[in-house]
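Colleague: Encoded as structure tokens, here's the structure I'll be asking about.
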Amino acid sequence: MKIYRTDQHPLPLPDGHRFPMIKYRLLYEAVHAFAAPLILEAPAASDAELSAAHTPDYLHKLATGTLSKAEERAIGLPWSAELVTRSRYSVGATLAACRTALLEGCGATLAGGTHHAYADRGSGFCVFNDSAVALKVLLAEGAIQRALVIDLDVHQGNGTAATLADRLALFTFSMHGLNNFPFQKETSDWDIELDDGTGDADYLATLAGTLPQLFTLAHPDLVIYLAGADCYAGDRLGKLALSKDGLARRDALVLDACARFGVPVALTMGGGYATPISDTVAIQAMTIQLAVNRFSR
Ligand SMILES: [Zn+2]
């Protein structure tokens, strides 16, 4: 197993910005404490790789800083050269984690899960769609024939669903809050919508009941797992009520299913906006810990 970091490329954000940039540095430090030898610096995604899932027009606007105000507002982060650079490393980390997974059974990134980005626009703190780029690159290379995105971030993987809709071989699954962003949902290959306040028991029963069928339907060569920490009860944006233990059991269910069906898995982190942010970091570090215990001991 290998774990890719991107925190050396932080965003210069105005004071008080609601995007928790510090999370990436803190997560790196938490994971370093138990898995230092597994951590590598992520490569940056190339233009050719980004082009696998993004339009030339959008890539040009990002490169030249010519997004409209509305386009910039939809991303929720101010455009800067550093924003584009950081986003390139985030995609590169996910692609590297996928390549590692195909070789070793599991790879992880301490970022990624930018599932709100579309082919031609960013949204919801997401500039590029890392899952879509990685899977389209790997499919085009012939490294995979089929893949499955298991998106358990509390927000729907709308950009992923839309961007991968033209590839039948790439199956998108999203389990998310019905009453949460994005308010206009896309159609994944399989969506499950959860009511506000859904807790551990209902969540885990639904997931456990779904996973076997999902693997049978998708028959994947590779899984990308978006292990969003924003289903946590203490999340500012989540609206669900999972405990930290429930989230660890969620991760274990997914990793168990990948092992049972013999499918390599790449872990990406997705969202997490708890107060304090150390709760989000602890949840995401536990996700990595579970994978490390399973794949590198
Ligand atoms: Zn989210």
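The opening position of the sequence shown corresponds to residue 199 in our numbering, with each subsequent residue numbered one higher.
Each residue gets a CB set at the ideal place from its N, CA and C atoms; glycine is no exception.
Remember, predicted model here, so these are calculated numbers, not experimental data.
1. When you compare the CB positions of D394 and K442, do they come within less than 7 Å of one another, or not?
2. Please list, in chain order, all residues of the same chain as V335 whose beta carbon is under 7 Å from its beta carbon, the five residues on each side excluded.
3. Going by other Cβ atoms of all chains shown within 10 Å of its Cβ, with 16 needed for buried, is H314 buried or exposed?
4. Tell me whether K259 sits in a helix, a strand or coil according to DSSP, three-state version.
5. Terminal residues of the continuous beta strand (DSSP E) containing D398?
6. If contact is defined by three or more beta carbon pairs under 8 Å, each pair taking one atom from either stretch, is the stretch 251-258 in contact with the stretch 290-304?
7. Report yes if the C-beta distance between T466 and G310 is below 7 Å; otherwise report no.
8. For T485, which residues in the same chain have their Cβ closer than 7 Å to its Cβ, ignoring the five residues on either side in sequence?
9. Specify which residues have a beta carbon nearer than 6 Å to any heavy atom of ligand 1, listing them in chain order.
10. So H230 is in the alpha helix (DSSP H); what residue range does that whole segment cover?
11. Check whether the Cβ atoms of D328 and G468 sit closer than 7 Å, and answer yes or no.
12. Taking 6 Å as the cut-off, does the CB of G305 come closer than this to any heavy atom belonging to ligand 2?
13. Which whole-angstrom value is the C-beta distance of A427 and L445, which I expect to be below 8 Å?
14. In whole angstroms, what is the alpha-carbon distance linking F493 and T204?
15. Between T370 and E391, what straight-line distance do the alpha-carbon atoms span, to the nearest angstrom?
16. Taking C-alpha atoms, which residue in E227, T478 and P241 lies nearest to G235?
Modeller: Per the coordinate set shown:
1. To locate residue 394, count along the sequence shown from 1; it is residue 196. To locate residue 442, count along the sequence shown from 1; it is residue 244. Cβ distance not < 7 Å, so D394 and K442 don't count as in contact.
2. The sequence position of residue 335 within the sequence shown is 137, counting from 1. Closer than 7 Å at the Cβ level, and outside the excluded window around V335, lie E247, A250 and L293.
3. Start at 1 with the first residue of the sequence shown, and residue 314 comes out as number 116. Buried, because 16 or more other Cβ atoms sit within 10 Å of the Cβ of H314.
4. What you label residue 259 is simply residue 61 of the sequence shown in a count that begins at 1. Secondary structure of K259 (DSSP, three-state): helix.
5. What you label residue 398 is simply residue 200 of the sequence shown in a count that begins at 1. D398 -> not in any beta strand (DSSP E); alpha helix (DSSP H) instead, spanning D398 to A416.
6. no
7. Position 268 of the sequence shown, counted from the first residue, corresponds to residue 466. Position 112 of the sequence shown, counted from the first residue, corresponds to residue 310. Yes, Cβ-Cβ distance for T466 and G310 is below 7 Å.
8. Within the sequence shown, the letter at position 287 stands for residue 485. These residues qualify, in order along the chain: A425, D449 and L465.
9. D351, V352, H353, G426, D428, G468 and G469
10. Counted from its first residue, the sequence shown places residue 230 at position 32. Start and end: I220 to A233.
11. Taking the first residue of the sequence shown as 1, we reach residue 328 at position 130. Taking the first residue of the sequence shown as 1, we reach residue 468 at position 270. Not closer than 7 Å, so no.
12. This structure lacks ligand 2; the ligands present are ligand 1.
13. For the purposes of this step, residue 427 is identified with residue 229 of the sequence shown, where counting begins at 1. For the purposes of this step, residue 445 is identified with residue 247 of the sequence shown, where counting begins at 1. Indeed, because the Cβ distance is near 7 Å, the residues count as touching under 8 Å.
14. One-based indexing of the sequence shown puts residue 493 at position 295. One-based indexing of the sequence shown puts residue 204 at position 6. Distance between the alpha carbons of F493 and T204: 22 Å.
15. As a working note, residue 370 is residue 172 in the sequence shown. As a working note, residue 391 is residue 193 in the sequence shown. Roughly 14 Å between the two C-alpha positions.
16. As a first step, residue 235 must be located in the sequence shown, where it is residue number 37. The question names Gly, but residue 235 in the sequence shown is Pro. When only C-alpha atoms are compared, the closest one is E227.
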